[in-house]
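A.B. asks: Each residue of the sequence shown is one higher than the one before, counting from 1 in the working numbering.
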Amino acid sequence: LLFQPRNPSSPPCIRSWIPWFGAAFQFGKAPLEFIEQARKKHGPVFTIFALGKRFTFVTEEEGTEAFFKSEDLNFEQAVQQAVENAVSVPAEAFYQNHGNLYSMMKGKMSPSNLHMFSGTLCKELHEHMAPLGTEGTGDLNDLVRHVMYPAVVNTLFGKGICPTSPGDIKEFEEHFQKYDEDFEYASQMPECFLRNWSKSKKWLLKLFEKVVLDAERTNPPETASKTLVQHLLDHLQGRHLAPNYGLLMLWAAQANAVPVAFWTLAFILSNPAIYKKVMEDLASVFGKAGKDKLGVSEEDLKKIPFIKWCTLEAIRLRSPGAITKKVINPIRIKNFTIPAGDMLMLSPYWLHRNPKYFPDPEMFKPDRWKEANLEKNAFLDSFVAFGGGKHQCPGRWFAIMEIQLFVVLFLYKYEFVLLDAVPKESPLHLVGTQQPMAPLQVRYKCRQ
Numbered sequence: 001l002l003f004q005p006r007n008p009s010s011p012p013c014i015r016s017w018i019p020w021f022g023a024a025f026q027f028g029k030a031p032l033e034f035i036e037q038a039r040k041k042h043g044p045v046f047t048i049f050a051l052g053k054r055f056t057f058v059t060e061e062e063g064t065e066a067f068f069k070s071e072d073l074n075f076e077q078a079v080q081q082a083v084e085n086a087v088s089v090p091a092e093a094f095y096q097n098h099g100n101l102y103s104m105m106k107g108k109m110s111p112s113n114l115h116m117f118s119g120t121l122c123k124e125l126h127e128h129m130a131p132l133g134t135e136g137t138g139d140l141n142d143l144v145r146h147v148m149y150p151a152v153v154n155t156l157f158g159k160g161i162c163p164t165s166p167g168d169i170k171e172f173e174e175h176f177q178k179y180d181e182d183f184e185y186a187s188q189m190p191e192c193f194l195r196n197w198s199k200s201k202k203w204l205l206k207l208f209e210k211v212v213l214d215a216e217r218t219n220p221p222e223t224a225s226k227t228l229v230q231h232l233l234d235h236l237q238g239r240h241l242a243p244n245y246g247l248l249m250l251w252a253a254q255a256n257a258v259p260v261a262f263w264t265l266a267f268i269l270s271n272p273a274i275y276k277k278v279m280e281d282l283a284s285v286f287g288k289a290g291k292d293k294l295g296v297s298e299e300d301l302k303k304i305p306f307i308k309w310c311t312l313e314a315i316r317l318r319s320p321g322a323i324t325k326k327v328i329n330p331i332r333i334k335n336f337t338i339p340a341g342d343m344l345m346l347s348p349y350w351l352h353r354n355p356k357y358f359p360d361p362e363m364f365k366p367d368r369w370k371e372a373n374l375e376k377n378a379f380l381d382s383f384v385a386f387g388g389g390k391h392q393c394p395g396r397w398f399a400i401m402e403i404q405l406f407v408v409l410f411l412y413k414y415e416f417v418l419l420d421a422v423p424k425e426s427p428l429h430l431v432g433t434q435q436p437m438a439p440l441q442v443r444y445k446c447r448q
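(1) Report the three-state DSSP secondary structure of leucine 405 (helix, strand or coil).
(2) Can you tell me the Cα-Cα spacing of lysine 201 and asparagine 154, whole angstroms?
(3) For leucine 121 versus serine 270, is the C-beta distance shorter than 8 angstroms?
(4) From which residue to which residue does the beta strand (DSSP E) around arginine 54 run?
(5) Could you tell me if alanine 438 is buried or exposed, where buried requires 16 or more neighbouring beta carbons within 10 angstroms of its beta carbon?
(6) If distances are taken between C-alpha atoms only, which option among Gln448, Trp397, Arg318 and Phe55 comes closest to lysine 291?
(7) Nearest-angstrom Cα distance between methionine 397 and phenylalanine 386?
(8) Tell me the DSSP secondary structure of asparagine 74 in three-state form.
(9) For threonine 264 and serine 9, what's the separation of their Cα atoms in angstroms?
(10) Please state the DSSP three-state secondary structure of glutamate 135.
(11) Quick check on glutamine 392: does DSSP put it in helix, strand or coil?
(12) Alpha carbon to alpha carbon, what distance is there between leucine 232 and leucine 194?
(13) Is any beta-carbon of chain D found at less than 8 angstroms from that of glutamine 404?
(14) Skipping 5 residues on each side, what residues in its chain have a beta carbon closer than 7 angstroms to that of leucine 204?
(15) For a test of the three-state rule: what should DSSP assign to phenylalanine 425, helix, strand or coil?
(16) Out of Met105, Arg316 and Gln230, state which residue places its alpha-carbon closest to the alpha-carbon of glutamine 392.
(17) Using 10 angstroms around the beta-carbon of proline 320, count the other beta-carbons present and answer buried if the total reaches 16, otherwise exposed.
(18) Please report the Cβ distance between alanine 322 and serine 347, rounded to the nearest whole angstrom; I am assuming they are in contact, meaning their Cβ atoms lie under 8 angstroms.
(19) Once you ignore the five residues that flank aspartate 182 on each side, which residues in its own chain have a CB closer than 6 angstroms to its CB?
(20) For the alpha helix (DSSP H) containing alanine 50, list its first residue and its last residue.
(21) Tell me which same chain residues have a C-beta within less than 7 angstroms of the C-beta of proline 111, skipping the five on either side of it?
(22) Excluding the 5 residues preceding and the 5 following asparagine 141 in the sequence, name in chain order all residues of the same chain whose CB lies nearer than 8 angstroms to its CB.
(23) Give the straight-line distance between the Cα atoms of lysine 108 and glycine 133, rounded to the nearest whole angstrom.
(24) Determine the direct distance from the alpha carbon of methionine 279 to that of leucine 409, and round the result to whole angstroms.
(25) Any idea what DSSP makes of leucine 346, helix, strand or coil?
(26) What residues in its chain sit with their C-beta under 8 angstroms from that of methionine 343, if we drop five residues either side in the sequence?
(27) Using C-beta distances below 8 angstroms, list every residue in its chain close to isoleucine 274, excluding the 5 sequence neighbours before and after it, in chain order.
(28) In the DSSP assignment, find the alpha helix (DSSP H) that holds arginine 217 and state where it starts and stops.
(29) What separation, rounded to the nearest whole angstrom, lies between the Cα atoms of glutamine 237 and aspartate 360?
(30) Return the bridge partner residues of glutamine 441 from the DSSP annotation.
(31) Taking leucine 411 as the reference, which of Leu51, Arg239, Val58 and Val296 has the closest Cα?
Next comes the structure, spelled out in structure tokens:
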């Protein structure tokens, strides 16, 4: 790799001798590791030139504050092209709808509205846990996926939207899994390079055409009875794009929740003292584990904060490799001037490994979340998994609630034994929650 001779006010720039392509090959091989090696070598602010774009990373507090507060940065311009590639929403429609739809989602999924989802979600999770039977073995990630995919889709988008026969559910899962697996690459390049991904995208868009027709036909006048798709239809400018936005909502609802639920369970099950504490907490609220069809309300979840701490600690350890904004006016950070046009990148994954904020950062320590004022919906300092400022993930409280609920029901019903060591996270992804590098086989049986 080469470093361009630079103006002292510009951050160090990592590129290669190949024009346009730049450092894309080295960066793409293991981006998480590449970021940390570059930080150690070049300091807290550096630029990577790849695929004709400049990605400038900020890795310390001063950069974090600027990332979330500066008016010289723009979130919409950073993600517009990715949204166009991923779900075929053109730029004009994206800019026209983004603010309005973000506000709608933020309102519908606010902490005060979670009770509207928790009862339905609890029933759906029970229904989709039933096919696991009384005992079995399998990859924990697959078990989580088989239960959460249909349960969350039915809760947010309405019953009957997700296919119901086992064969059809399998087809849906396969297409969504393929779409999710290559989403990061597909959001950055023309889909003609990703034929299987493109095929799954078209299949899912066709499914959402039917979903939208059903939602229109049954759209009730009262707000409380509407599904998320019906709220989308009420707020969207350009009805023909409803299937595209529906697919985007589906991806946002599922892509991170499933791996976070996997990691939360994996970390709990691999730490005997933590597993014991979780089961004691469940017994103290719900009685001896093993009751059939346990009903869990949002109020019940408040009585077991330790599960929430476990969820947030799993999110901290497996956060996205990078979140991004576009520099629209030159911005000064750490004595460097970052030019307009750069993509400014912040790495939650590495920020969450700063021992100044998270002592023993590689350790799974749910108790550290005692210090957070979660009653007031405040996270720990420097925890940025959901973004920050005015563009935090609008579904973050629903996501935390759905994972807590799933973990409670899964561990209350089944006893688990790990048959493998917990896998490391894959170093290949910058977008979204980190995925496991390998399967994690488990044996499970119903508690007596």
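Where is the CB? At the ideal position from N, CA and C, for every residue including glycine.
C.D. replies: Inspection of the coordinates gives the following:
(1) Here residue 405 refers to the residue found at position 405 of the sequence shown. Of the three classes helix, strand and coil, the one that applies to leucine 405 here is helix, per DSSP.
(2) Residue numbering aside, residue 201 sits at position 201 when the sequence shown is read from its first letter. Residue numbering aside, residue 154 sits at position 154 when the sequence shown is read from its first letter. Approximately 20 angstroms, taken between the alpha carbons.
(3) Taking the first residue of the sequence shown as 1, we reach residue 121 at position 121. Taking the first residue of the sequence shown as 1, we reach residue 270 at position 270. The answer is no: Cβ separation not under 8 angstroms.
(4) Translated into the one-based positions of the sequence shown, residue 54 becomes position 54. Segment 53-58, the beta strand (DSSP E) holding arginine 54.
(5) Residue mapping note: residue 438 aligns to position 438 of the sequence shown, counting from 1. It counts as exposed.
(6) For the purposes of this step, residue 291 is identified with residue 291 of the sequence shown, where counting begins at 1. Nearest option by C-alpha distance: Gln448.
(7) In the sequence shown, counting from the first residue as 1, residue 397 sits at position 397. In the sequence shown, counting from the first residue as 1, residue 386 sits at position 386. Note on identity: in this sequence residue 397 is tryptophan, with methionine being the wrong assignment. Approximately 10 angstroms, taken between the alpha carbons.
(8) For the purposes of this step, residue 74 is taken as the residue at position 74 of the sequence shown. Correct three-state label for asparagine 74: strand.
(9) Along the sequence shown, read from residue 1 onward, the residue named residue 264 stands at position 264. Along the sequence shown, read from residue 1 onward, the residue named residue 9 stands at position 9. Their Cα atoms are separated by approximately 43 angstroms.
(10) Residue mapping note: residue 135 aligns to position 135 of the sequence shown, counting from 1. The answer is strand: DSSP assigns glutamate 135 an E or B state.
(11) For this step, residue 392 is matched to residue 392 along the sequence shown. Looking at glutamine 392 - three-state DSSP - the assignment turns out to be coil, as it is neither helix nor strand.
(12) Here residue 194 is taken as the residue at index 194 of the sequence shown, counted from 1. Here residue 232 is taken as the residue at index 232 of the sequence shown, counted from 1. Going from the Cα of leucine 194 to the Cα of leucine 232 covers about 29 angstroms.
(13) Of the protein chains in this structure there is only one, and it is not chain D.
(14) Indexing the sequence shown from 1 puts residue 204 at position 204. Result list for leucine 204: His175, Phe176, Tyr179 and Leu247, in chain order.
(15) The count along the sequence shown starts at 1 and reaches residue 425 at position 425. It is glutamate, not phenylalanine, that sits at residue 425 in the sequence shown. Glutamate 425: strand per DSSP, three-state reduction.
(16) Start at 1 with the first residue of the sequence shown, and residue 392 comes out as number 392. Checked all of Met105, Arg316 and Gln230; the closest Cα to glutamine 392 is Met105.
(17) On the sequence shown, residue 320 is found 320 positions in, with the first residue counted as 1. Its Cβ being crowded by 16 or more others within 10 Å, proline 320 is buried.
(18) Reading the sequence shown from its first residue, position 322 is the one you call residue 322. Reading the sequence shown from its first residue, position 347 is the one you call residue 347. Their Cβ separation, rounded to whole angstroms, is 5 angstroms, which keeps alanine 322 and serine 347 in contact under 8 angstroms.
(19) Looking up residue 182 in the sequence shown gives position 182. Leu194 and Trp197.
(20) Start at 1 with the first residue of the sequence shown, and residue 50 comes out as number 50. It is not in any alpha helix (DSSP H) - alanine 50 instead sits in the beta strand (DSSP E) that spans 45-50.
(21) In the sequence shown, residue 111 corresponds to position 111, counting from 1. Same-chain partners within the cutoff: Asn377 and Trp397.
(22) In the sequence shown, residue 141 corresponds to position 141, counting from 1. Excluding sequence neighbours, asparagine 141 sits near Val258, Pro259, Phe262, Pro436, Pro439 and Leu440.
(23) Locating residue 108 in the sequence shown gives position 108, where the first residue counts as 1. Locating residue 133 in the sequence shown gives position 133, where the first residue counts as 1. One C-alpha to the other measures close to 35 angstroms.
(24) For the purposes of this step, residue 409 is identified with residue 409 of the sequence shown, where counting begins at 1. For the purposes of this step, residue 279 is identified with residue 279 of the sequence shown, where counting begins at 1. Going from the Cα of leucine 409 to the Cα of methionine 279 covers about 11 angstroms.
(25) Taking the first residue of the sequence shown as position 1, residue 346 is located at position 346. Leucine 346 falls in the strand class under three-state DSSP.
(26) For the purposes of this step, residue 343 is taken as residue 343 along the sequence shown, with counting starting at 1. Lys53, Arg54, Phe55, Thr56, Ala78, Thr324, Lys325, Lys326 and Val327.
(27) Position 274 of the sequence shown, counted from the first residue, corresponds to residue 274. Cβ neighbours of isoleucine 274 beyond the five flanking positions: Phe267, Ile268, Cys310, Phe364 and Pro366.
(28) By 1-based counting over the sequence shown, the position of residue 217 is 217. Where arginine 217 is concerned, the enclosing alpha helix (DSSP H) stretches over 195-217.
(29) For the purposes of this step, residue 237 is taken as the residue at position 237 of the sequence shown. For the purposes of this step, residue 360 is taken as the residue at position 360 of the sequence shown. Cα-Cα distance, rounded: 48 angstroms.
(30) Numbered from 1 along the sequence shown, position 441 holds the residue referred to as residue 441. Paired residue(s): Asp139.
(31) Position 411 of the sequence shown holds residue 411. That would be Val296, whose Cα lies nearest to the Cα of leucine 411.
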